[in-house]
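Participant:
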Amino acid sequence: MSNQQDSGKHSQADFATKLIHFGSEIDRTTGASSVPIYQASTFHHEDVFNPPQYDYSRSGNPTRQALEDYIALLEGGARGFAYASGMAAISSTFMLLSSGEHVIVTEDVYGGTYRLLTSILSRLGIETTFVDMTDLDQVKGALKPNTKAVYMETPSNPTLKITDVAAVTNWAKENDLITILDNTFMTPYYQRPIEQGVDIVIHSATKFLGGHSDVLAGLTVARTASIGHQLKQLQNGLGTVLGPQDSWLLIRGMKTLKVRMNQSEISAGKLASWLNERKDISAVFYPGLIDHPGREIHEKQSTGYGAVVSFDVGSGERAKKVLNKVQIPLVAVSLGAVESILSYPAMMSHAAMPVEVRAERGITDGLLRFSVGLEDIEDLINDLNQALQED
31 MSNQQDSGKH SQADFATKLI HFGSEIDRTT GASSVPIYQA STFHHEDVFN PPQYDYSRSG
91 NPTRQALEDY IALLEGGARG FAYASGMAAI SSTFMLLSSG EHVIVTEDVY GGTYRLLTSI
151 LSRLGIETTF VDMTDLDQVK GALKPNTKAV YMETPSNPTL KITDVAAVTN WAKENDLITI
211 LDNTFMTPYY QRPIEQGVDI VIHSATKFLG GHSDVLAGLT VARTASIGHQ LKQLQNGLGT
271 VLGPQDSWLL IRGMKTLKVR MNQSEISAGK LASWLNERKD ISAVFYPGLI DHPGREIHEK
331 QSTGYGAVVS FDVGSGERAK KVLNKVQIPL VAVSLGAVES ILSYPAMMSH AAMPVEVRAE
391 RGITDGLLRF SVGLEDIEDL INDLNQALQE D
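With our numbering applied, the sequence shown corresponds to residues 31 to 421, in that order.
(1) Which residue wins for smallest C-alpha separation from Lys355, given the options Val338, Val78, Ile407, Asn412?
(2) So, for Met31: in the same chain, excluding its five sequence neighbours on each side, which residues have a beta-carbon less than 7 angstroms away from its beta-carbon?
(3) Where Thr184 and Arg388 are concerned, what is the direct C-alpha to C-alpha distance, given to the nearest angstrom?
(4) Start and end of the alpha helix (DSSP H) containing Ile407?
(5) Just curious, the alpha helix (DSSP H) that Val169 is in, first and last residue?
(6) So, does the region 100-110 touch the region 216-236, judging by three or more C-beta pairs under 8 angstroms?
(7) For Leu305, is the classification buried or exposed, using 16 other Cβ atoms within 10 angstroms of its Cβ as the cut-off for buried?
(8) Comparing alpha-carbon positions, which option in Ile320, Asn205, Gln168 lies nearest Asp194?
(9) May I ask you to report which of helix, strand or coil DSSP gives Glu105?
(10) Any beta carbon from chain B within less than 8 angstroms of Asn306's own beta carbon?
(11) Give the secondary structure of Glu295 by DSSP, where H, G and I count as helix, E and B as strand, and everything else as coil.
(12) Which same chain residues end up closer than 8 angstroms to Ile393 when comparing Cβ atoms and leaving out the 5 residues on each side of it in sequence?
(13) How far does the beta strand (DSSP E) with Phe124 in it extend, from its first residue to its last?
(14) In angstroms with no decimal places, state the Cα-to-Cα distance between Ile192 and Thr199.
(15) Would you decide whether Gly38 is buried or exposed? Buried here means 16 or more other CB atoms lie within 10 Å of its CB.
(16) Residues bridged to Gln221 by DSSP?
(17) Would you mind giving the Cβ-Cβ distance between Leu353 and Ser401, rounded to the nearest angstrom? I have them listed as a contact below 8 angstroms.
(18) So for Thr47, helix, strand or coil by DSSP?
(19) Our contact map puts Gly227 next to Tyr113 with C-beta atoms below 8 angstroms; I'd like the distance itself, whole angstroms only.
(20) Does the beta-carbon of Val385 have 16 or more other beta-carbons within 10 angstroms, so that it is buried, or is it exposed?
(21) Going by C-alpha distance, which of Val135, Asp342, Asp409 is nearest Ser312?
(22) Looking at the strands, I want to know which residues DSSP matches up with Asp342.
(23) Under a three-way DSSP split, which group does Ser256 fall into?
(24) Under three-state DSSP, which class holds Ser277?
(25) Using 8 angstroms as the threshold, is the C-beta distance between Gly241 and Val368 below it?
(26) Counting Cβ pairs closer than 8 angstroms, one from the region 148-161 and one from the region 122-138, do we hit at least three?
(27) In three-state DSSP terms, what is Lys300?
(28) Since Tyr144 is in the alpha helix (DSSP H), which residue starts that stretch and which ends it?
(29) What residue from Tyr140, Ile67, Gly107, Thr72 has the CA that sits closest to Val363's CA?
(30) Following the continuous alpha helix (DSSP H) through Thr270, name the residue where it begins and the one where it ends.
(31) Under 8 angstroms between the Cβ atoms of Thr250 and Ile230?
(32) Could you give the DSSP three-state label for Asp85: helix, strand or coil?
(33) Go through its chain and collect everything with a Cβ distance to Lys48's Cβ below 7 angstroms, but skip five positions before and after it.
(34) I'd like the span of the beta strand (DSSP E) that includes Thr177, first residue to last.
(35) Can you find the residues in the same chain that come closer than 6 angstroms, C-beta to C-beta, to Asp57, ignoring five residues on each side of it along the sequence?
(36) Let me check understanding here. Comparing Cα to Cα, which of Gln416, Thr209, Ala118, Ile327 lies closest to Leu146?
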């Protein structure tokens, strides 16, 4: 399967070099080959009337700054920001909205985002309309006089629906709306939303960017300095910052993003094809499959298909049997790690959604989400095969 597409500005060769040579890879003071961990909460002022660049770590820390500059470079944005978790990044970004304003959101969005919008931001007077963003007419139809932003997630989690980013962004600009996109599944290696006009890109960096299930972090990138200024005010005011140790761990993880994503994607394609040929699987969701309804649009805006495959085994009872029988994948919340992770969205990532809402979005009781890691793919397939066997 050919995974790489020509996307103009986004050169994967250049990107591979940037992952290693991002501007802070060598410490200018000592020549150290790793960004130092500045484990400090406050910084001395040599001259109180001419404050230094860093004064208090909530407002700025050299290790975190290296990470923030790193993700801004990779995404092609004006400024980057690092947060204590993916949800901290998402919630801080939504604080751009004020009471009485409205946002249009991908209907099968991550469960934590759904919970934030429906149970927290709703109390602050921020309205949300969830729509199927594979249909641009539905997006347009959700516009209200008080609409402020459009929030995209493509591929969506966990059914991997594809949104036409350029089409939505162009329409949003005509209506003076802020565009926000969760790029967690694709990472900047495979998808560069800012090049398509998106205003703010968000990552749960806990996933593919960190890549080792050992750090909790979120990142955002602003397309313009003006938006970056607003995000900086929110990050500092809310105090949702990432600590220096976790910033360093994330930098270390990101250096191997290309090789990890390449290998996991090759294996994910093989797993999706194998599942798609089985008669006992109700549905397989992966944008690399020939029959995926969003494949053409996805290839237009991305250079790869990613490492997440979702599939429906037909019932909740069978899904639980599979989860109990697999031996190689970690059965857990999260994704994007060196080890494969098998998740049950109905009771994990999307448990915050009411049953009827999950059903409307295709998140059935039989749906499983497989984040393919770096294990041998034949071992993964053989393990899943035995888990799918009926007793």
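Beta carbons are placed, not taken as given, at the ideal position from N, Cα and C, and that holds for glycine.
These numbers were taken from a predicted model, which means no experiment stands behind them.
Facilitator: According to the structure data:
(1) Asn412
(2) Note on Met31: pLDDT 37, under 50, position unreliable in the model; no value is reported.
(3) 18 angstroms
(4) 407-418
(5) 166-171
(6) yes
(7) buried
(8) Gln168
(9) helix
(10) No chain B is part of this structure, which consists of one protein chain only.
(11) helix
(12) Asp138, Pro188, Thr189, Pro375, Ala376, His380, Met383
(13) Careful: Phe124 lies outside any beta strand (DSSP E), inside the alpha helix (DSSP H) at 116-124.
(14) 14 angstroms
(15) Any reading at Gly38 is ruled out, since the residue's pLDDT is 41, under 50, leaving its predicted position unreliable.
(16) Ser332
(17) 14 angstroms between Cβ atoms; not a contact.
(18) helix
(19) Actually they are not in contact, since the Cβ atoms of Gly227 and Tyr113 sit about 24 angstroms apart, beyond 8 angstroms.
(20) exposed
(21) Asp342
(22) Ala313, Leu397
(23) helix
(24) helix
(25) yes
(26) yes
(27) helix
(28) 141-145
(29) Tyr140
(30) Unbroken run through Thr270: none, as it is neither H nor E.
(31) yes
(32) coil
(33) Leu103, Leu104
(34) 177-183
(35) Pro66
(36) Ala118
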